[in-house]
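Undergrad: Start counting the sequence shown at 27; every next residue gets the next number (the numbering used here).
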Amino acid sequence: MRSSWHVFWREFRRSFHTTGAVAPSSAALARALCHHLPEPPAEPAPAPSGTPRRVLEVGPGTGAVTRHILARLGPEDRLDLVEINPQFVQFLQRRFEQDTQFAPYRQQVHLHQGSVLEWNPPQRYDVVISGLPLNNFQPEQVQQFLDHFAHLAGEQGVVSFFQYVAVRRLRQHLGLSPGTRRRLRGITEVLDRCFGQYEFRRQLVLRNLPPAWVHHLRFREPAEE
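(1) Between the alpha carbons of V168 and A53, how many angstroms are there, rounded?
(2) Please tell me whether E102 has its Cβ less than 9 Å away from any Cβ of chain C.
(3) Give me the residue from R244, L230, V108, N111 with the minimum Cα distance to A192.
(4) If you reduce the DSSP assignment to three classes, tell me which class E102 lands in.
(5) Three or more beta-carbon pairs under 8 Å between the region 142–157 and the region 111–125, yes or no?
(6) What first and last residue would you give for the beta strand (DSSP E) that runs through G140?
(7) Using the Cα positions of L59 and F163, report the straight-line distance between them to the nearest angstrom.
(8) Between G85, R244, I110, L63, which lies nearest to P78 when the distance is taken from Cα to Cα?
(9) Nearest to R98 by CA position, among F114, F117, H174, Q134, is which residue?
(10) Indicate whether L82 and T92 have their beta-carbon atoms separated by less than 9 Å.
(11) Can you check which of these residues, R132, E166, H94, is closest to R104 by C-alpha distance?
(12) Can you find the residues in the same chain that come closer than 6 Å, C-beta to C-beta, to L172, ignoring five residues on each side of it along the sequence?
(13) In three-state DSSP terms, what is F245?
(14) Taking the continuous alpha helix (DSSP H) assigned at I95, which residues delimit it?
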């Protein structure tokens, strides 16, 4: 099986719009995104409803964050993966067949190819973790993603995602077209409005290429931690 780096760089060159990242997420970034899942070997915490937890990862790519999520799953927990890139889906399928860190969990995981905007299971999630490159979309699309994440999260569900530090602001001053600058300003406005209403935790991860902010949101009942 080809390495995750090889597959990632191939897809980065071929489909940057949906890949977005310049490198797979580091272990430090993955741990921050998994903040609301207990670290191994801690005992799995029950979901707010007292039932096994439901976890969704959006845009898992080659599985850099997925590996850390799996290590935190309890025996009755379920993980859904939604990935739009068919090459990443095939790579993940092979990992669940051949990779000793993935294969033990394959009965607890459902891998779906397609857009998360078309993913609408009957049950909500306790934790939603997204790796979508929001800076690559139009502001109205970013709002659609956030609204859909809010729909997918349960009453106490947490949504966690990351942004690279200052990348959007830097791109606004690099001689880009007026249309691109307007798009990036629009994304900033959408995200800042969302953070003001729903963000309850933010983590700076320096050990990543490039460094990143991880945002944790609770859409139903904003709370202090």
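Each residue gets a CB set at the ideal place from its N, CA and C atoms; glycine is no exception.
Because the structure is a prediction, the values reported are computed rather than measured.
TA: According to the data block:
(1) Indexing the sequence shown from 1 puts residue 168 at position 142. Indexing the sequence shown from 1 puts residue 53 at position 27. A straight line joining the alpha-carbon of V168 with that of A53 spans about 26 Å.
(2) Looking at the structure shown, chain C is missing, and only one protein chain is on hand.
(3) By one-based count along the sequence shown, residue 192 stands at place 166. Out of R244, L230, V108, N111, L230 has the C-alpha closest to the C-alpha of A192.
(4) Walking along the sequence shown from the start, residue 102 turns up at place 76. Coil at E102, not helix or strand.
(5) no
(6) For the purposes of this step, residue 140 is taken as the residue at position 114 of the sequence shown. No beta strand (DSSP E) holds G140; DSSP gives it neither H nor E.
(7) Position 33 of the sequence shown, counted from the start, is the residue given in the question as residue 59. Position 137 of the sequence shown, counted from the start, is the residue given in the question as residue 163. Answer to the nearest angstrom: the Cα atoms are 21 Å apart.
(8) Working through the sequence shown from its first residue, we reach residue 78 at position 52. Among G85, R244, I110, L63, the Cα nearest to that of P78 belongs to L63.
(9) In the sequence shown, counting from the first residue as 1, residue 98 sits at position 72. If we check each option's Cα against that of R98, Q134 comes out closest.
(10) Taking the sequence shown and counting its residues from 1, the one referred to as residue 82 is at position 56. Taking the sequence shown and counting its residues from 1, the one referred to as residue 92 is at position 66. In this structure, T92 does not lie closer than 9 Å to L82 by Cβ.
(11) Within the sequence shown, the letter at position 78 stands for residue 104. Comparing Cα-Cα distances from R104 to each of R132, E166, H94, the minimum goes to R132.
(12) In the sequence shown, the residue the question calls residue 172 occupies position 146. Hits under 6 Å: C220.
(13) Counting from one through the sequence shown, the residue named residue 245 turns up at place 219. Looking at F245 - three-state DSSP - the assignment turns out to be coil, as it is neither helix nor strand.
(14) The residue you call residue 95 lines up with position 69 of the sequence shown. For I95, the uninterrupted alpha helix (DSSP H) segment begins and ends at 92–97.
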